[in-house]
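J.:
Protein chains: 2
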Amino acid sequence: MSGSQPGLGAAHASSRSAILDLIRAAGTISRVELTRATGLTAATISTVVRRLIDDGLVLEVGRAESTGGKPRMLLQLDPSARYAIGVHLDHAGITYVIANLGGAIVARWRRPGAGSDDPATVVARIAAEIRTTITRVGVDPARILGLGVVSPGPISSSTGMTLTPPVMQRWAEFPLGAALEDAVGLSVLLDNDATAAAIGEYWSGGIATGSAFAALYMGTGIGAGIIVDGTVYRGSSSNAGEIGHICVDLDGPVCWCGNLGCVEVLAGPAAVVAAARDAGLELAGRNVAENFGALARAASRGEALPLQLLERSSRYLGVAAQTLANVLDLELVILTGPAFALAGSLYLPEIERRLGQSFFARGSHPVRVTISSNAPEAAAVGAAALVLQSELAPRQAGVRMPLELPLEVTAG
Amino acid sequence: MSGSQPGLGAAHASSRSAILDLIRAAGTISRVELTRATGLTAATISTVVRRLIDDGLVLEVGRAESTGGKPRMLLQLDPSARYAIGVHLDHAGITYVIANLGGAIVARWRRPGAGSDDPATVVARIAAEIRTTITRVGVDPARILGLGVVSPGPISSSTGMTLTPPVMQRWAEFPLGAALEDAVGLSVLLDNDATAAAIGEYWSGGIATGSAFAALYMGTGIGAGIIVDGTVYRGSSSNAGEIGHICVDLDGPVCWCGNLGCVEVLAGPAAVVAAARDAGLELAGRNVAENFGALARAASRGEALPLQLLERSSRYLGVAAQTLANVLDLELVILTGPAFALAGSLYLPEIERRLGQSFFARGSHPVRVTISSNAPEAAAVGAAALVLQSELAPRQAGVRMPLELPLEVTAG
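Protein chains in written order, with my numbering: chain A, 933 to 1344; chain B, 933 to 1344.
1) Would you call the CB atoms of A/C1179 and B/V1180 closer than 8 Å?
2) Under the three-state reduction of DSSP, which class applies to B/P1338: helix, strand or coil?
3) Could you check how far apart the C-beta atoms of A/L1148 and A/V1265 are, in whole angstroms? I think they sit under 8 Å.
4) Using the three-state DSSP reduction, which class does B/D1125 fall into: helix, strand or coil?
5) For B/D1181, go through chain A and note every residue whose CB falls closer than 9 Å to its CB, in chain order.
6) With which residues is A/Y1028 paired in a DSSP beta bridge?
7) Is it right to say B/A1275 is buried, meaning 16 or more other beta carbons lie within 10 angstroms of its own, or is it exposed?
8) At the level of alpha carbons, what is the spacing between A/A1039 and A/I1030?
9) Is there a C-beta anywhere in chain B that falls below 8 Å from the one on A/S934?
10) Please identify the residue among A/R1209, A/H1023 and A/R948 whose C-alpha is closest to the C-alpha of A/D987.
11) Please list the residues of the segment 1256-1281 of chain B that have a C-beta atom closer than 7 Å to any C-beta atom in chain A, keeping them in chain order.
12) Per DSSP, which one or two residues make a beta bridge with B/D1183?
13) Under 8 Å, CB to CB, which of the residues in the segment 1014-1032 of chain B have a partner in chain A?
14) Which residues in chain B sit within 9 Å of A/S1143, going by Cβ to Cβ distance?
15) Could you please give me the residues that DSSP links to B/F893 through a beta bridge?
16) Just to confirm, is the Cβ distance from A/L1324 to A/G1080 under 8 Å?
17) I want to see whether chain E comes within less than 8 Å of A/G1080, judged by CB atoms only; does it?
18) On the premise that B/A1156 lies in contact with B/L1256, defined as a C-beta separation below 8 Å, what is that separation, rounded to the nearest angstrom?
19) How would you call A/A1052, buried or exposed, if buried means at least 16 neighbouring beta carbons within 10 angstroms?
20) For the ligand GDP, any of its heavy atoms closer than 7 Å to the Cβ of B/E1113?
21) Give the DSSP bridge partners of B/L1192, in chain order.
22) Output needed for B/W1041: all residues of its chain with C-beta closer than 6 Å, excluding positions within five of it in sequence on either side, in chain order.
23) Using CA coordinates, which residue listed in A/E1105, A/D1161 and A/A1206 is at the minimum distance from A/I1131?
24) Going by beta carbon distance, what residues of the same chain come within less than 6 Å of A/S1290, once the five residues before and after it are set aside?
25) Mind pulling the chain B residues with CB within less than 7 Å of A/V1038?
26) Let me check understanding here. Comparing Cα to Cα, which of A/I1283, A/L1112, A/L1007 and A/I1037 lies closest to A/V1054?
27) With DSSP as the reference, label B/S1277 as helix, strand or coil.
28) Specify, as a first and last residue, the run of the beta strand (DSSP E) that A/L984 falls within.
29) Quick check: the Cα distance between A/A1216 and A/N1223, rounded to an integer number of angstroms?
30) Which one of B/A1211, B/T1302, B/G1225 and B/R1014 has the shortest CA to CA distance from B/I1139?
31) Counting only beta-carbon atoms, is B/V1164 nearer than 8 Å to chain A?
32) Output yes or no for whether 8 Å exceeds the beta carbon distance between A/F1272 and A/M1150.
33) By DSSP's criteria, B/Q1008 is part of a beta bridge. Which residues make up the other side?
34) Near A/A1001, which residues of its chain fall below 8 Å by C-beta distance, leaving aside the five closest residues on each side in sequence?
35) According to DSSP, is A/S1290 helix, strand or coil?
36) Residues of chain A with CB closer than 8 Å to the CB of B/N1171, please, in chain order.
Right, dumping it as C-alpha cells:
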C-alpha cells in the first residue's frame, strides 16, 4: 500500500506532530477531544496516540469525570521524554542550554569562545562539554533529539558559515554541521545566531501572536532576527536580517565585509572599543566583549568619553532599528545578544527616540522597544527551540513556532 | 443549522473561491477532477459548481472524450463574467486599467495627475473617467467587481493616506475610500502604490514561484513592494517597504517626512531636478516628472551635468536596493514605477554593481536586477489584480496571489 501511495508517510508524520502539539498545548486532553480538534477519524487518532505512548512521548494520566457514558482516558505529554541541546558559538563565548520537550530549560552554561583556536579543536571541546553535562544533569542520551548550533554570519546548509567576521575567519567553509555530528553523535541543525535569538525571545514569551517583531542582536556583530505572525522570516537563503551591513555612510570607513560605512564598522562593539583606544583610553580586557563591557560600565557611571562613544554608537543603532521598522513595518524591536546585555539601557533611549520621530508609518502605529530579559542566552535558547520544533512540527521545522510554549526557566 | 455552526458560510465562500481558482488554473476541468483535486465531496462540488454556473462565472463547454462510462461535462471560467478597475492616483498622473476575470487587460489609459486640485474635485474627475470608459469599452457595469485604488505613502484603512508627500498634502486624512465609493458606486479597495506595483509585476509573469523579490518603485516618491513565495509581505499595518525614508546620511538634508538624510530627499526625482536647477540648468517642464524625464534624456545623450546628477542618485538607489536585499534576503529586484520607466537604464548598472559587491550573503547567491517592461502602469495593474483576487480567493484578498495567472496584455 505505502509503495503505491508515497504521500502517506509524510501525512502520518504530519498528523503525529499535530496531535503531539495539541496534547502539549492542552496540558491534558482525551482521544475524543483530539478527534474533534483535528477533524481526523477516531481510528487515526487511536493509532497515532498508541504509537506516541509506545514511544514514551505521551502518558495516560487517569480518567476525566464522566459526563454520561464511559469516562475518558486523559493524555498528557511527558516533558522528560525528549531533550534538545542549543549551542551558541561565538568568538567571545560559547553558550549552551538543554531544554526538555515541555519547553523547560534544565541546564544552561557558558564557556570561553572559539577565540583563534582551530575549528576542529573547538568542535572537540564542544563535544566533550556536551558529554560531561549530559552525564552530570542525568539526561538519558537516547532521549536527546539533536543539537541546534547557531553562529554569526551568513550560513550555508552545506558548509556552515560562508562569510565570517575577521575574528572567526578560520570557520569560513569549515564543515561545522558534519564535524559536530561526527563528534557528538547527534543530528545537528545550523542557523544564524540573530535569527535564533528572535526565536528564543518568542519562546521566552510575552510577545503577542499576531505581531511583527525583530530581535535587534548585538554580539560580536550586529544582526536581526525577524518573526511575523509567529513565523520566522528567512528570505531566500536563510540570510535575512543582515542589518549590520547596510550602508549608513557612503564615504564611511571600510568594513571587514568589503564595503564602506556599514552600521557594524561604525557602531559595533569593536568600533566602540577601537575609538576608545584611539582617544587614549587604556583597556585591560582580553577581548572586545570584555572591553566593551568595561566601557558600558564607565558610561553608566557617567564618564564623559565612554558616554560620548556609546551615544555615537546608539545613533547608528537607532538608524538600524528605524530601517528594519520601515522595511518590515514592525510593532516591536527587542534589543538582545551579549552586547545589549551589557549596555542595553544606554542604547534604549536613543533607539526609542529615533523610532518615535522617524518611523515612517508612525501616524498608523508606534514601534515599541524593549531590552530582552534573556539577552545573553536568547540565541542558545532559540537553537534548542529549533530542534524541539523539528519533533513537534517536523514539516515546519525552523519556520513556524508553536504559539503557546513559553519556556519555563527553571534552572540557573 | 447555520445558526449553530457559524463557520459554514465562510467555509462555503472558501470552497467557492478555491473551486473557481482551480477552474481558472486548469483551463477546462470536469466535476470529477474537481472532486479529486479538492478532496471535497461530489455533492459539495456539484452544489458549488451549480451556483457558479447560475452566477455566470463558469460555463459548461462540452464533454470530454469518454474513457469508459459516461463522458464528463467540462467546465471553463467565463473571462468576461467579471471585471476589475485599477486606478493609480499620483501627483503627476492618474493611470487606469480594466482587467477581466481571466487576467487580460481590456483597457488602459492615463490622465493628468491630482496636481494641487481639491481632492473632492479629483474624485469627481475619476468617477467621470471611469463611467465614460466603461461605456466606451462596452463592459456591463453589473459585472464590475470593484475599484482598486493605489497611492503613495502610508495608508490607513479608515481614511486613506495618513502621511503624504508635500505635493499631495491636501489628501492627508481625506476619506478617499468612502468618497470614491459614493462617487463611482463601486466598492473600493485601497493600497500603497509600491505594494501594488510588486503585485502588478508578479501578475505580469516571469517571476519564479518560490522567489523573494522586491519591486523598487520610483514615482513621485521612492518605495518598495515585497513578495515572498507568492505572498505579499505587508507587515503590521500594510506599510512595509518604505525604503525611501531610511536614513543614509545622519547629517543629510531635511526630508518632507521630518527626518534627515532619507534616500528620497537625497536621490528622488524632486532632488535630482532641484540639484539641476541649483547648478544653473533651465528646465521647462510643468512638473517634477517632466523635468526628470528631460534630465534622463539629456543624460542618455551623454550631457555631463545630467549624467553626473543621475549617477549620484543611482548611488543612493543602489544603497536602497542593497538594504532591501540584506534585510529581506532577496533574489530579485525589479526597478519599476514612472521614474524608472524614464531612467531605469541609467540606474541599472550602478544598482547591479552595488548588489554584486555589497549584498551581504553574496557568497550564498546573487541578487538579480531587472527593469520592468511594464514600469509606467504596474501599480494600476496591481490595483486591479487585488480586486480580482477578492473574488478568486476572498479569504486571502490582497495577500496571496494565484500562481498561474500571468496577465495577457491584449489591448494598447
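C-beta atoms are modelled at their ideal positions from N, C-alpha and C, and glycine is treated no differently. Source: prediction; values computed, not measured.
T.: Reading from the atomic positions:
1) Against the first sequence, residue 1179 of chain A aligns to sequence position 247. Against the second sequence, residue 1180 of chain B aligns to sequence position 248. Yes, Cβ-Cβ distance for A/C1179 and B/V1180 is below 8 Å.
2) Residue mapping note: residue 1338 of chain B aligns to position 406 of the second sequence, counting from 1. Here B/P1338 scores only 32 on pLDDT, less than 50, and its place in the model should not be relied on; the value that follows carries that caveat. The DSSP-derived three-state label of B/P1338 is coil.
3) Taking the first sequence and counting its residues from 1, one reaches residue 1148 of chain A at position 216. Taking the first sequence and counting its residues from 1, one reaches residue 1265 of chain A at position 333. For a cut-off of 8 Å, the C-beta gap from A/L1148 to A/V1265 is around 5 Å, short enough to register as a contact.
4) Numbered from 1 along the second sequence, position 193 holds the residue referred to as residue 1125 of chain B. Helix, per DSSP.
5) Residue mapping note: residue 1181 of chain B aligns to position 249 of the second sequence, counting from 1. Going along chain A in sequence order, the residues near B/D1181 (Cβ under 9 Å) are V1180, D1181 and L1182.
6) If you number the first sequence from 1, residue 1028 of chain A lands on position 96. DSSP output for A/Y1028 lists A/V1019 and A/W1041 as bridge partner(s).
7) On the second sequence, residue 1275 of chain B is found 343 positions in, with the first residue counted as 1. The residue is buried, with at least 16 neighbouring Cβ atoms inside 10 Å.
8) Along the first sequence, read from residue 1 onward, the residue named residue 1039 of chain A stands at position 107. Along the first sequence, read from residue 1 onward, the residue named residue 1030 of chain A stands at position 98. Spanning the two alpha carbons is a distance of roughly 5 Å.
9) Counting from 1 along the first sequence, the entry for residue 934 of chain A is found at position 2. Note that A/S934 has pLDDT 33, beneath the 50 cutoff, so the model's placement of it is unreliable and no number is given.
10) As a working note, residue 987 of chain A is residue 55 in the first sequence. It is A/R948 whose Cα lies nearest to the Cα of A/D987.
11) Of all residues in the segment 1256-1281 of chain B, L1256, N1258, V1259, L1260, D1261, L1262 and E1263 have a Cβ within less than 7 Å of some Cβ in chain A.
12) Residue numbering aside, residue 1183 of chain B sits at position 251 when the second sequence is read from its first letter. Listed as beta-bridge partners of B/D1183 by DSSP are no residues whatsoever.
13) Cβ proximity to chain A below 8 Å picks out nothing from the segment 1014-1032 of chain B.
14) Walking along the first sequence from the start, residue 1143 of chain A turns up at place 211. Residues of chain B passing the Cβ test: S1168.
15) A question about residue 893 of chain B goes unanswered here, because the residues of chain B that appear run from 933 up to 1344.
16) Taking the first sequence and counting its residues from 1, the one referred to as residue 1324 of chain A is at position 392. Taking the first sequence and counting its residues from 1, the one referred to as residue 1080 of chain A is at position 148. Contact: no.
17) Included in the structure are the protein chains A and B, with no chain E among them.
18) For the purposes of this step, residue 1256 of chain B is taken as the residue at position 324 of the second sequence. For the purposes of this step, residue 1156 of chain B is taken as the residue at position 224 of the second sequence. Right, their Cβ atoms sit about 6 Å apart.
19) Counting from one through the first sequence, the residue named residue 1052 of chain A turns up at place 120. A residue is called buried once 16 or more other Cβ atoms fall within 10 Å of its Cβ, and A/A1052, having fewer, is exposed.
20) As presented, the structure is devoid of all ligands, the ligand GDP included, so that no description of it is given.
21) Counted from its first residue, the second sequence places residue 1192 of chain B at position 260. Under DSSP, B/L1192 shares a beta bridge with B/V1186.
22) In the second sequence, the residue the question calls residue 1041 of chain B occupies position 109. Within the same chain, Cβ atoms closer than 6 Å to the Cβ of B/W1041 are found at Y1028, the five residues on either side in sequence being excluded.
23) As a working mapping, residue 1131 of chain A is identified with position 199 in the first sequence. It is A/D1161 whose Cα lies nearest to the Cα of A/I1131.
24) Against the first sequence, residue 1290 of chain A aligns to sequence position 358. If we look at A/S1290 and ignore the five residues flanking it on each side, its Cβ neighbours are Q1254.
25) By 1-based counting over the first sequence, the position of residue 1038 of chain A is 106. Chain order gives no chain B residues near A/V1038, where near means a beta carbon separation below 7 Å; the closest approach is about 34 Å.
26) Position 122 of the first sequence, counted from the first residue, corresponds to residue 1054 of chain A. For A/V1054, the closest of A/I1283, A/L1112, A/L1007 and A/I1037 by C-alpha to C-alpha distance is A/L1112.
27) Locating residue 1277 of chain B in the second sequence gives position 345, counting from the first residue. Looking at B/S1277 - three-state DSSP - the assignment turns out to be helix.
28) Taking the first residue of the first sequence as 1, we reach residue 984 of chain A at position 52. Careful: A/L984 lies outside any beta strand (DSSP E), inside the alpha helix (DSSP H) at A974 to D986.
29) Numbered from 1 along the first sequence, position 284 holds the residue referred to as residue 1216 of chain A. Numbered from 1 along the first sequence, position 291 holds the residue referred to as residue 1223 of chain A. Near 7 Å, if we compare the C-alpha coordinates of A/N1223 and A/A1216.
30) Taking the first residue of the second sequence as position 1, residue 1139 of chain B is located at position 207. B/T1302 is the residue among B/A1211, B/T1302, B/G1225 and B/R1014 whose C-alpha sits nearest the C-alpha of B/I1139.
31) Your numbering for residue 1164 of chain B matches position 232 in the second sequence. At least 8 Å separates the CB of B/V1164 from every CB of chain A.
32) Here residue 1272 of chain A refers to the residue found at position 340 of the first sequence. Here residue 1150 of chain A refers to the residue found at position 218 of the first sequence. With contacts defined by Cβ atoms closer than 8 Å, A/F1272 and A/M1150 form a contacting pair.
33) Locating residue 1008 of chain B in the second sequence gives position 76, counting from the first residue. Paired residue(s): B/T960 and B/L991.
34) Position 69 of the first sequence, counting from 1, holds the residue named residue 1001 of chain A. Correcting the residue type first, residue 1001 of chain A is Gly in the shown sequence and not Ala. Exclusion of the five residues before and after A/G1001 leaves no residue of its chain whose Cβ lies closer than 8 Å to its Cβ.
35) For the purposes of this step, residue 1290 of chain A is taken as the residue at position 358 of the first sequence. If DSSP states are grouped into helix, strand and coil, A/S1290 belongs with the helices.
36) As a working note, residue 1171 of chain B is residue 239 in the second sequence. Going along chain A in sequence order, the residues near B/N1171 (Cβ under 8 Å) are D1261, F1292, A1293 and S1296.
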